[in-house]
Structures are given as structure tokens and as C-alpha cells.
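Okay, structure first, notes after.
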Amino acid sequence: MSLRRDGRLGAAWIVILIVLPFIAAIIALGIGRMSIAPGEVFEVLRAALSGKHASSELIEKTVMQLRLPRIILAVLVGAGLSVSGCAFQSLFANPLATPDTLGVASGAAFGAALGILLGFNLIGIQLMGLAMGGFAVALTWLAGSGKDKGGLSYIVLSGIMIGSLFSALISFVKFAADAESQLPAITYWLMGGLDKANYRTLSLGAPVIIAGIVLFMLIRWRMNLLPLSDDEAKASGVNLRLLRGVTVVAATAITASCVSMCGQVGWVGLLIPHMCRMLFGNNHLSIVPASVSFGAVFMIIVDTLARSISAAEIPVSILTAMIGAPFFIVLMRRSGGWRI
Amino acid sequence: MNGQIRNDARSGDALLRIENGSFAYKSGPQILKDINIELDPGEILAVLGPNGAGKTTLLRCMMDMLHWQSGRSLLDGEDIRSIPASKLWRRMAYVPQARSAAVSYTAFQTVLLGRSSRIGAFSAPSAEDMKVAESVMERLGISHLADKPCYAISGGELQMVLIARAMAAEPEILVLDEPESNLDFKNQLIVLDAMTALAAEGVACIFNTHYPAHALQRAGKALMLSKDGKSIFGETTGVVTEENIRHAFGVEALIGEVETPHNIMKNVVAVGISEDSAEGPAVRDETILASVTVIMRNNDHAALINSAFRDYNHLLIGRMGLPHRRSDKYIITVMLEGPAADIEALSHRLSLIPDISVKTTYE
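Printed below as a string of C-alpha cells:
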């Protein structure tokens, strides 16, 4: 499974990257307060696909109504945040870039908190999140662009500023919220969790995430031009503004959709792309599909742990950090070194 | 004088031309004033000038990365601004300074990026793209670096990888920004030899340099910029002179000749900082006699030698060619009569051709 010279994935890796998320999903569908064997999970899924009912209504309901939407959300959020983290790292040629670099996540989280404060339902909260996420990035872009010199580093700086501005606004919303009912709801929501997953919220958020991922998969070789310096990239003969614009819009839309459905899930967007870079180098031909697959698997595992290791649900960003940080440090110390 | 007339006659179909290019940064002084250059296939142009005189700015304006305030760049007579980027960058390629280059990929993947203008947005490199990248690396002698990441190779190796990336676009014009700066003696030679070899194959090269000697040893044409915005363009021997160096750089320099076993190479030694800046070069138009002897070590560049003699046909008063069959080498001696500056220009042009030895004896 050595690396190929042209930066493509070898056949063995392609099989692994496709199969792994399915295996993880099927195992995760069986895990929970009611344990279901993989064989029964298969049967339920096959029945659902052919439009029939499974033998046990309880098992069918648990798998199809409770666990499946949640696992679909985990797949989308894991894959989406990883691929947009990967895109932002390359765009800014900065290993510390995350999906939140331009303030999207803070903006979306503020929108959602505001939605809770105003007593909106789940869909309303989700829409508020999407809108404010987009608004935050637009502000960042306005504040940071238009300078001749500095270019992208101005945008990163203004992203940090806009991000902290929206964090302050979140605190303000918390301050204004009713301490008995709204404040715990907001706090819990901000910690992130996939427990709100249902087919209605998915039908609103999933198309955006899927479209973004498909787009990145299609332009993944061209994404190799992203880390190049301005003049180098211009001399490639490619429309640089368009490439950067498409990257920002797609990564932002994915992130805002994720945050609006499940709150702030940290770490995935930083950890998974770096893991892929350690394994495959920096060529986007391989790290984009690898980020999608590993991101999905990682999120399925973390979310399954979040809902099954204790009676009460553990917020998912606590677990991503607790699993992610040590895992990342071990990987970093083992690998020979890598750069963006 | 004659050189000037020939240039004008050809100017209609030069491969690359800058017409009256002027540029100033916002709220800054005029950096480039009325730049005029032209370049044909296989020629090397050296751009010289002190720090801040606008060497890199000139290259960026020429390639339309910055926009000329007035004037324009023409590729085969067509304004570069009206050529779509994907078309332009198949014909022209840029080698950035190594310190501003991205280094995250392996050398081979970096070279492959040079094919970008020929690969669609939703596509990946084809087998043919891979073949081009491989053959370019082989031609430049860096195949052994292919799988190394660019941050793990030396500065000289990185410079060669960047040249390979540019050549992977199969361009007619190669633009190099200080290709030999920050390199040691040997790596400077490797990079400059690579450029000379590419020019001998017909690629027009433009390079910025801090070394007047490199201009004299490698480039047939030179553009010298000075801080007051003035510029001189022409054949290198007429541009890189002691007077012009004093004026542009404020340096008292001596141009001398070093005799190598094969050639006579020009060299520039800075002897001190000069206070006065004398204007204009002295014209040397006295008529003298000279003989030039050329020994060709192989027959690869016969066309280049013949075209040089053809362009200076008016100086020739005698010519003798002698094939030396036993060693498969060829000896040419020509007798010349004409202005010293023209004879020097011819002898310089011959000295830039690879794989031959040239010596000139003056009256």
C-alpha cells in the first residue's frame, strides 16, 4: 500500500475507504441501549430498501427512526467538516486552519442560540444557524479583502476577529436567556450533539453538505493549486479567483449546515485532514476522498460512544477532543513529519 | 548601428515585445518608464538593476500579473491582456524565486502542476501529462528527486524542480525571477547551464539577475534598469558596460576577460562605490580587423552558428571551414572588418552557444 507517484490512491486504499464507513455504520446501528446483531440490522435495511416491513417492529423502529438518521448525520457531519477543514488548510497554506477559520461556525452557533432564545422550533433554529453562518463569512470577506498586500492573511485575521465578535454575541444571548429553561438548552446545544437528528432536519441540511463534498471530489486535483503563492498560482493558467471563491463558498456552506444541525463539533476538521496528510502526503487526489471517508468513520465512532457509554448522552465535542487530542499526538510523534 | 537597423526590420514578428511599458505603485514614484524590449525564440534576455529598480515588477507587468499603467506586452503581436489565461500560460511559463514557492508536494507532483493549464477543472493528469513531467525531469537531470518532498531537498534542487515545473507546460517563453540567487557556485552553474540548454533548443528565456557577469556570460540581450526609471535595452555587450554599470548601480566596475581552455569569458569586478553618475555610453565606431576561430565539439548547434554569421554577414571578409574527420569535429575561422562594437557583439553571441569553443583575436 505504498504511495503512488501520481498522488492517486492505490486500489487497496480505495476499497478500504469505501467499505470502512459502511462497516462502521452497520456496527453502530446495532449498538445502543437495545443491542441488535449486524445480521438483524442487515435484514431491516434490506426490508426497508424493498419497501417491506421487517419481522420485528420494535427493531425496525429503533434502526430506521432512531439510529439511522443519527448515523446519516454523523457521516455527513464527519465527512463534511473534514473535507472543509482540508480545503481551508490548503487555501490558507496554514496547518492551523479549521472549518471555523472564517468565523462560520461561530456565526452559525450564534444564529442557533438566537433561534433558541426566540423560541423557534428545530427547523427555525437550523435556518437561523445557516443564515448567520453565511452572514459571518460575508462580514469576514468584506473586512479582509480589498487590500493589495497581505491577501489571504488579512482574511484569516479578520476571520479571527469576526469569530470572536460572534462568540461575544453568543455570550450576550446566554446572558439574556432565561436561566431556568433557555440557558441550559443553549449551553447544551453549543456543546454539540447529534441527538436532534431526524429526517426533516436532514432533508434541509444534507443536500448542501452532499453537494459540497461532491464538488470537492470533482475539483480535487485542481485543489492542489490552492497552497501555491499568488504569482505561482496565476502562472498555472487557472482562474485563481474562481477556484478560491468556489472553495470558500463550498467549505462555508458545508460548515454552516453541519453546525446548524448539530452545534459546534470541534476537532474533526483539524484532526482528520492532518491524519490523511500524514498517511498520503498532500496531494488532494488522495486526501480529499480519504478525509471524507475517515471523517465519516471517526464521527460514527465518536457519536456511538457519546450515546452509549453512559445513560446520559455525552456532548460530542467533549468526546472528539478527548479522543482526538491524544490520538493526534501519538500520530504526530510517530510520523516522520509533514507540511502543508 | 547596423544591429539597430536589423532589430527594427524584425520588430513586426518578435515573439515577445514590450511597447513603452510604464508602471508606478499607488502613491509611489514612477518605477518603470517607457520600457521597450523584444525577444525572439532561442534568445536569452537578462534584466539587471539595483535593488528597488523594479526588476521583479517588470516581470510581473510583462506577464500581466500587474497591469501596465501605459504601454503593453505583445506575444506574437497580440496584446497579452487579451489572451485568455489558459492559452497564455501554455506558451509562457514562470519560475518564481525559490523562497516564495510552495513546497508541500513531492518533486514529481510539483512538476505535474506545471500541466495545469492543459488539464480540465474536473480532471486529473493523464498518462501523457505524466510522461511529459517525467521526460522534463529527465532532461534536467533531476529524475532521482521525483519522490522526495520539496521541503526536503536543497535550494539548488528546488530551483531545478521549479524550472522543470515551468517546462512541463511546454512553453515558448520561460520567465525566471532571480533563478541563481541564494545558490552556491556549482548550483548557479547547473541552473544557468539548464537555461542555456533550453535556449539552444529554441525557448526564449528572460531572467532577472543581480550578477552583471551572468548577463555577459549567458544572455545575448540585456535590459538595465536604474532607480531613476531610465532603462537601456540592447545587445548585452552594448548594455552591460562599465559606464552603464556606474550609472545604474553607482558602482565603479571593471569588465575583464578570463581566458578558459575553451573560451574567453567576460567577467565583472566591482572595485568601488562611485559618486558621479556619468550619462550615456560612449560609442565605439572605429573600424578594426579581427579573426574569430570556432571549434565545434559536436554538430548539434550548427544552425545557431550559421545564423549568427548570417546576421553579421556584412562584417565578413573571409571564411574558412574545416571538418576534422578523425575526431568528427569542425573548425571555422572567419576574418572580420567593421566597428569594434559589432565584432564584439558577434563574438559574444557565439560564446553563448553551448558545446563550442570561441576565441577572437583583435587587430
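Sequence order for the protein chains is B and H.
Numbering-wise (numbering that gives the first Met the number 0), the first sequence opens with residue 0 and increments by one.
Numbering-wise (numbering that gives the first Met the number 0), the second sequence opens with residue 0 and increments by one.
The beta carbon of each residue, even a glycine, is placed where N, CA and C say it ideally should be.
Close CB contacts of Ala184 of chain B within its chain, under the 7 Å cut and outside five residues either way in sequence, are with Ile115 (chain order). In this structure, the CA atom of Met159 of chain H is about 11 Å from the CA atom of Val135 of chain H. The shortest CA-to-CA distance from Ala221 of chain H to any of H:Gly20, H:Ser26, H:Ile162, H:Ile36 is the one to H:Ile36. If the five residues before and after Met295 of chain H are omitted, its C-beta is found closer than 8 Å to the C-beta atoms of Ala301, Ile304, Lys328, Tyr329, Ile330, Ile331, Asp354, Ile355, all from its own chain and listed in chain order. Gln29 of chain H carries a strand assignment under DSSP once its states are collapsed to helix, strand and coil. The DSSP-derived three-state label of Tyr187 of chain B is helix. Note that the segment 247 to 255 of chain B does not touch the segment 293 to 308 of chain B; fewer than 3 beta-carbon pairs, one per stretch, sit closer than 8 Å.
The Cβ of Met129 of chain H sits closer than 9 Å to at least one Cβ of chain B.
Per DSSP, Asn243 of chain H is one residue of the alpha helix (DSSP H) stretching across 241 to 248. As summarised for the segment 141 to 181 of chain H, the continuous beta strand (DSSP E) elements at least 3 residues long and confined to that stretch are 172 to 175, given in chain order. At a cut-off of 9 Å, the C-beta of Thr105 of chain H has a neighbouring C-beta in chain B. In the structure shown, the three-state DSSP call for Ile263 of chain H is strand. Per DSSP, Gly265 of chain B lies in no beta strand (DSSP E) segment and is marked neither H nor E. Think of a sphere of 9 Å around the beta carbon of Asp146 of chain H: the chain B residues whose beta carbon falls inside it are Leu2, Arg4, in chain order. Contact annotation: Pro170 of chain H and Thr208 of chain H have beta-carbon atoms that are not nearer than 9 Å. Taking CB atoms only, Gly280 of chain B has a neighbour in chain H less than 9 Å away. Any Cβ of chain B closer than 9 Å to the Cβ of Leu111 of chain H would place that residue at the interface, and such an atom is present.
For Lys185 of chain H, the secondary structure class from DSSP, reduced to helix, strand or coil, is helix. Flagged as an interface residue toward chain H: Val237 of chain B, by a C-beta distance shorter than 9 Å. For Gln29 of chain H, not one C-beta of chain B is nearer than 9 Å to its own C-beta. Annotation: the segment 280 to 308 of chain B contains the following complete segments of the alpha helix (DSSP H) (minimum length 4 residues), in chain order: 283 to 307.
C-alpha of Ala163 of chain H to C-alpha of Val110 of chain H: approximately 6 Å in a straight line. Annotated as distal: Gln216 of chain H and Leu315 of chain H, with beta-carbon spacing of 9 Å or more. A direct Cα-to-Cα measurement between Ala27 of chain B and Trp188 of chain B gives close to 23 Å. Counted as a single uninterrupted DSSP element, the beta strand (DSSP E) harbouring Lys220 of chain H occupies residues 220 to 224. Put simply, of H:Leu15, H:Leu175, H:Ile141, H:Arg114 the residue whose alpha carbon is nearest the alpha carbon of Thr56 of chain H is H:Leu175. 9 Å or more divides the Cβ of Ala269 of chain H from the Cβ of Tyr311 of chain H.
Under the DSSP definition of a beta bridge, Glu18 of chain H partners with H:Arg71. Among the CB atoms of chain H, none fall inside 9 Å of the CB of Asp99 of chain B. Around the beta-carbon of Gly255 of chain H, fewer than 16 other beta-carbon atoms lie within 10 Å, marking it exposed.
Residues of chain B with a Cβ closer than 7 Å to the Cβ of Phe206 of chain H do not exist, since the nearest Cβ in that chain sits about 15 Å away.
Beta-bridge annotation (DSSP): Lys358 of chain H is paired with H:Thr292.
From the beta-carbon of Ser134 of chain H, no residue of chain B is found nearer than 7 Å; the closest lies around 14 Å away. Judged by DSSP in its simplified three-state form, Glu231 of chain B adopts helix. Contacts with chain H (Cβ-Cβ distance below 7 Å) from the segment 214 to 245 of chain B involve Leu217, Ile218, Trp220, Arg221, Asn223, Leu224, Pro226, Leu227, Ser228, Asp230, Glu231, Lys233, Ala234, Ser235, Gly236, Val237, Asn238, listed in chain order.
For Val237 of chain B, the secondary structure class from DSSP, reduced to helix, strand or coil, is coil.
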